[in-house]
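Here UniProt numbering is used: the first residue of the sequence shown is 1, the next is one more, and so on. Beta carbons are placed, not taken as given, at the ideal position from N, Cα and C, and that holds for glycine.
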Amino acid sequence: MLVVCAALAGCADQTPQATASQPATHIPPQDFAPGTVVEGPPPANEAQLTNDPSAPANTPLCGTAAREANQIAAANYPEPGRSGNACVLSACYDAQTATYIGADGNRHICR
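Structure (structure tokens):
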């Protein structure tokens, strides 16, 4: 019985030791290989957004179907040119969605 009491007394005297927390490992910023990323100079007014150039009117993207869709959209939004935005003058402007097809072939939001 004496051995059991001594064993229990030994357990009671031990205080939990704080474990050292591991410092967060720092992940360095990722860099691209030299020459793969070309950054142009920022615009004079960085807050000003610009539109990408429009696709030409004679491309399949802005062909007959797109012009017919714009004529139908004119019934819903008859005067998009008065919005004050230059992209409404784009050959591929879609008044239904207020987007246009850029020279890269993707739809862009008028800014």
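{"query": "Segment limits, beta strand (DSSP E) that includes threonine 64", "result": "Where threonine 64 is concerned, there is no enclosing beta strand (DSSP E), although the alpha helix (DSSP H) it sits in stretches over 64 to 76."}
{"query": "Contact check, aspartate 94 vs arginine 107, beta carbons under 9 angstroms", "result": "yes"}
{"query": "Test item: CB-CB of cysteine 62 and cysteine 92 under 9 angstroms", "result": "yes"}
{"query": "Isoleucine 27 classed as buried or exposed, judged by whether at least 16 other C-beta atoms fall within 10 angstroms", "result": "exposed"}
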